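Step one of this worksheet: look at the structure below.
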Amino acid sequence: MGEVLYYIGFETEYTLLRFARACRRAVLWVFYGVLLVLRTLGSFAAGFLRAVGEDLAAPWRQLRQGLRNLRTMLRAEREEGGPVAGKGVAYVVRGVRAYRDLVYNALSYLLPAAALLVLVVTVRTVLGSNFALAVQYRDEFVGYIENESVFEEAQGLVRDRIRGENTGEDWAAEPEFTIAIVDPAAMRSRSELADAIISTSSGHITNATGVVVDGTLVGATQESAAINQLLNEQKAPYETGQENLTVRFAHEVELVPGVYFTDTLISEDELAARLLGQAAWTLVSGEQVQQNYLTVQQVFRETYEETVPYPMQEVENSDLAWGRRVPLQEGIDGTKLVTADVVYQDGQEQGRTVISEETLVEAVPEIIQVGSLGGAPGSGQLMFPVPDYKRISRGRSYYHRGLDIAAPQGTPIYAADNGIVTFSGRGSGYNWSYGNYVRIDHGNGLETLYGHCYSLVVSEGDYVTQGQLIAYVGNTGRSFGSHCHFEVILNGNSASPEDPDDYVTRPHG
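Counting in the numbering used here, the sequence shown runs without a single skipped number right up to 552 at its last residue.
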């Protein structure tokens, strides 16, 4: 036996050693292979770069040598008293003819590189440019805008401002747009563009301040200081100086200085009356409105702790009977620190906007084990629980929540479908009137209840199958004769159970 074990150990060690050597050879082969490939590529790249460098440097090297020779030749000619200029020119011409191929080689690299450089510079310039639409309106240039929607919004402002003005002009004229590259500072907003459009009118115009509420022009006046004072006076009683308090109007109120037709201006008193809801006025659409637009809101930035309800998790347990639910971990609520803007109007909270949340204590989930052993949920097709008896002493009605199946005491009661017994015992509290009863969960939100039983056969947590004996007919609880009170409950709604006749078929005969 010892020799056998020795032989096995020796062969195992030898096999592992051979395997390790083979792995080492394979790794070295791969390493040297990769090294050879890199060396080959490096040699090729080095040769290519040397060739490119030679092509680029050759013209300059020949030029330097030619200039040196030219200088030597001219110096010798000058010393001999011969003509210098003619020989110099002839030498240069011969040099250009002799070495022009070198120049062409260099240009074959330099020209594409220069073209690429020009392309990069052009693209960067174009991408960095600010494109805009130049607007031509009624044959007049009115400004640069970001896009066409700015013009459409400006037209809406113009329609508001021309209320009551009849110049006979076509304010629905189509604009002409052209693309231009401009400085961002030259771009016009919708309000500035509206001013420019109105300035093209032949009517009487003037600078004034319009009051815009929720995007609608309420009126315009030249007494902007008085309107500013009115707005501040409305807010003043609510500005208590408290920390983290912001006072604002319930409506978005905006003062818009600009160009308006003189016929559309109103007095500061009339504008104040419109804003305070003391005077009716007419919209562009023709609708007459009267509303207080200066209702004040206080916005407090509050920080408070809030409970985070614990989540519930269900885990399947194949060792538990199907449908049985066993707590595995108790859930614990968490807490979080909330910062929110809380809006009050007339002392009543109108809403809150959460700015940030910080978890202080993580919620611990409640974990429930749900059994999956030995059964399946009910089919939803219920059988009549007391199949040998058909007489119904009392049916389902507004005052009665099920069927009363009349039968002698001790008659068997059977489960209407597969399920888990969720209660088996004597009713108490709200359910005292059932006496001894059984409640079964069939899954998918469907449950059945069997009341006034004489005795019970199953216990809470038991898995039962359709047709299994669960109890015997009795007369317990609030009952005036032996019978089985049978209820069908959907989605836990015990206060208003289903009509059992919609789920079971009564016996015939």
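Think of the CB as a built atom: it goes at the ideal place given N, C-alpha and C, for glycine as much as any other residue.
Keep in mind the model is a prediction, meaning the values are calculated, not measured.
Taking the C-alpha atoms as reference points, what is the distance between T221 and A268?
40 Å
Taking N287 as the reference, give the member of F304, S328, V255, F343 with the closest Cα.
F343
Thinking just about the alpha-carbon of each residue, which of D238, W475, G258 is nearest to the one in P300?
D238
Can you tell me which of Q265, T252, L416, G329 puts its alpha carbon nearest to the alpha carbon of E297?
T252
Label C496 either buried or exposed according to how many other C-beta atoms from any shown protein chain fall within 10 Å of its C-beta, with 16 as the threshold for buried.
buried
What is the DSSP secondary structure of N518, counted as helix, strand or coil?
coil
For the alpha helix (DSSP H) holding L274, just list the boundary residues, first then last.
267-278
I240, enclosing alpha helix (DSSP H) - first and last residue
233-242
Helix, strand or coil at F62 according to DSSP, with G and I counted as helix:
helix
Which class does G207 belong to by DSSP, given the choice of helix, strand or coil?
No answer about G207 holds up, because its pLDDT of 44 lies below 50 and its placement is not dependable.
Straight-line gap, A316 to T243 (C-alpha atoms, nearest Å):
32 Å
Three-way DSSP call (helix, strand, coil) for A459 in this model:
coil
N-terminal and C-terminal residue of the alpha helix (DSSP H) that R317 is part of
311-318
First and last residue of the beta strand (DSSP E) that includes F581?
The requested residue 581 is not part of the displayed model; the chain covers only 44 to 552.
Run the CB neighbour count on A197, radius 10 Å, all protein chains shown included, and call it buried at 16 or more, exposed below.
buried
Any contact between the segment 366-378 and the segment 511-518? By contact I mean 3 or more CB pairs, one from each, below 8 Å.
no
Can you tell me the Cα-Cα spacing of F194 and A175, whole angstroms?
12 Å
Could you check the C-alpha separation between E541 and F529 for me, to the nearest Å?
11 Å
From the DSSP output, read off the bridge partner residues of M426.
Bridge partners of M426: none, in fact.
Looking at N335: is its Cβ nearer than 8 Å to the Cβ of V302?
no
Which residues in the same chain have their Cβ closer than 7 Å to the Cβ of V225, if we skip the five residues on either side of it in sequence?
N173, A175, Y187
According to DSSP, which residues form a beta bridge with E345?
A383
Suppose the cutoff is 6 Å on Cβ atoms and the five residues either side in sequence are ignored; what does the same chain contact list for E349 look like?
K379, V381
Could you tell me if S399 is buried or exposed, where buried requires 16 or more neighbouring beta carbons within 10 angstroms of its beta carbon?
exposed
According to DSSP, is E359 helix, strand or coil?
strand
Rounded straight-line distance, which links the Cα of E392 to that of V369
43 Å
Okay, do the segment 323-332 and the segment 277-291 touch, 3+ Cβ pairs below 8 Å being the bar?
no
In the DSSP assignment, what are the bridge partners of I222?
L176
By the DSSP assignment, the beta strand (DSSP E) with Q391 in it spans what residues?
391-404
On the DSSP letters alone, give me the boundaries of the beta strand (DSSP E) that V255 sits inside.
248-256
Quick check on V434: does DSSP put it in helix, strand or coil?
Reading off the sequence, residue 434 comes out as Arg, not Val. In this structure, R434 counts as coil in the three-state DSSP scheme.
Output the distance between the C-alpha atoms of A177 and S192, rounded to the nearest integer angstrom.
13 Å
Output needed for Q265: all residues of its chain with C-beta closer than 6 Å, excluding positions within five of it in sequence on either side, in chain order.
A251
Taking only three categories from DSSP, how would you classify Y497?
strand
With a Cβ-Cβ cutoff of 8 Å, do N487 and G535 count as a contact?
no
Best match in T396, S415, V339 for proximity to Q388 [C-alpha to C-alpha]
V339
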